[in-house]
Amino acid sequence: MSVVTFVLTAAHAVVGSVWLGAMAYSIAVVQPRAARLLGLERYEELATVLGAGARWAVLGMCAALALTGAGLVALAYVDRSPGTGWLVLVVAKAVLFGCAATLFGYVSWRLWPARLFALPAELPSLHRAFRRAACALIALVGANMILGIAAHTVLS
Numbered sequence: 260m261s262v263v264t265f266v267l268t269a270a271h272a273v274v275g276s277v278w279l280g281a282m283a284y285s286i287a288v289v290q291p292r293a294a295r296l297l298g299l300e301r302y303e304e305l306a307t308v309l310g311a312g313a314r315w316a317v318l319g320m321c322a323a324l325a326l327t328g329a330g331l332v333a334l335a336y337v338d339r340s341p342g343t344g345w346l347v348l349v350v351a352k353a354v355l356f357g358c359a360a361t362l363f364g365y366v367s368w369r370l371w372p373a374r375l376f377a378l379p380a381e382l383p384s385l386h387r388a389f390r391r392a393a394c395a396l397i398a399l400v401g402a403n404m405i406l407g408i409a410a411h412t413v414l415s
């Protein structure tokens, strides 16, 4: 493994792990505890503060994942011919990443504005939509990481 491949692999794995870990911690620990402690109105204030600017951090992580992933694919073809199994895994990984990025865009540009301007009676259904989207994002990013490990194993 070249130094460039190592750096790209490490960066790709770390950024993906940070994204997955942050989402899992938020949905499993932060959100339930904050909702219990603060009540609905104050919880919404906290969610707004926590969410402010987070879109750009996540988009930055998506860009880093896309760039490091593209670099790793290019290097795989420079170093050797990866084979059909590897290609299938990488294409599946790219499709899942596209789904995750699209879902994040939906949450960021559709659900968040709806939540910010929602009436109190509308919040429970929005909370359910956010939870479904968060679980789907965790599943997509987690599956993406598993496919990456499988692709690395096939290539090795």
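The sequence shown begins at 260 in my numbering and counts up one residue at a time.
Idealized CB from N, CA, C, for every residue including glycine.
All of these numbers come straight from a predicted model, not from anything done at the bench.
| Secondary structure at Arg339, three-state DSSP: helix, strand or coil? | Indexing the sequence shown from 1 puts residue 339 at position 80. Three-state result, Arg339: coil.
| said: Classify Thr343: buried if its beta carbon has 16 or more other beta carbons within 10 angstroms, exposed otherwise. | reply: The residue given as residue 343 occupies position 84 in the sequence shown. Classification for Thr343: exposed.
| query | Cβ of Met282 within 7 Å of Cβ of Ile408? | reply | Reading the sequence shown from its first residue, position 23 is the one you call residue 282. Reading the sequence shown from its first residue, position 149 is the one you call residue 408. No, the Cβ-Cβ distance between Met282 and Ile408 is not below 7 Å.
| In whole angstroms, what is the alpha-carbon distance linking Gly357 and Ala313? | Residue numbering aside, residue 357 sits at position 98 when the sequence shown is read from its first letter. Residue numbering aside, residue 313 sits at position 54 when the sequence shown is read from its first letter. Their Cα atoms are separated by approximately 19 Å.
| said: Excluding the 5 residues flanking Thr264 on each side, which residues of the same chain have their C-beta closer than 6 Å to its C-beta? | reply: Position 5 of the sequence shown, counted from the first residue, corresponds to residue 264. Leu334.
| request: Report the option in Arg387, Ala269 and Leu370 whose CA atom is closest to the CA atom of Pro291. | output: Looking up residue 291 in the sequence shown gives position 32. Of all alpha-carbon atoms in Arg387, Ala269 and Leu370, the one lying nearest the alpha-carbon of Pro291 is that of Arg387.
| request: Pull up the CB-CB distance for Val274 and Leu324, whole angstroms please, since I reckon it's below 8 Å. | output: Taking the first residue of the sequence shown as 1, we reach residue 274 at position 15. Taking the first residue of the sequence shown as 1, we reach residue 324 at position 65. Yes, they are in contact, since the Cβ atoms of Val274 and Leu324 sit about 6 Å apart, within 8 Å.
| task | Under the assumption that Asn403 contacts Ala359 (Cβ atoms under 8 Å), give the Cβ distance between them as a whole number of angstroms. | result | Translated into the one-based positions of the sequence shown, residue 403 becomes position 144. Translated into the one-based positions of the sequence shown, residue 359 becomes position 100. That belief holds up - the Cβ atoms of Asn403 and Ala359 are roughly 7 Å apart, short of 8 Å.
| request: State the Cα-Cα distance for the pair Val244 and Ser285, rounded to the nearest angstrom. | output: The shown model of the chain, from 260 to 415, leaves out residue 244, and the question about it has no answer.
| message | Can you give me the C-alpha to C-alpha distance between Ala270 and Ala377, rounded to a whole angstrom? | response | Indexing the sequence shown from 1 puts residue 270 at position 11. Indexing the sequence shown from 1 puts residue 377 at position 118. The straight-line gap from Cα to Cα measures roughly 38 Å.
| query | How many angstroms separate the CA atom of His411 from the CA atom of Arg301? | reply | Translated into positions along the sequence shown, residue 411 becomes position 152. Translated into positions along the sequence shown, residue 301 becomes position 42. Straight across, the Cα-Cα distance linking His411 with Arg301 is about 45 Å.
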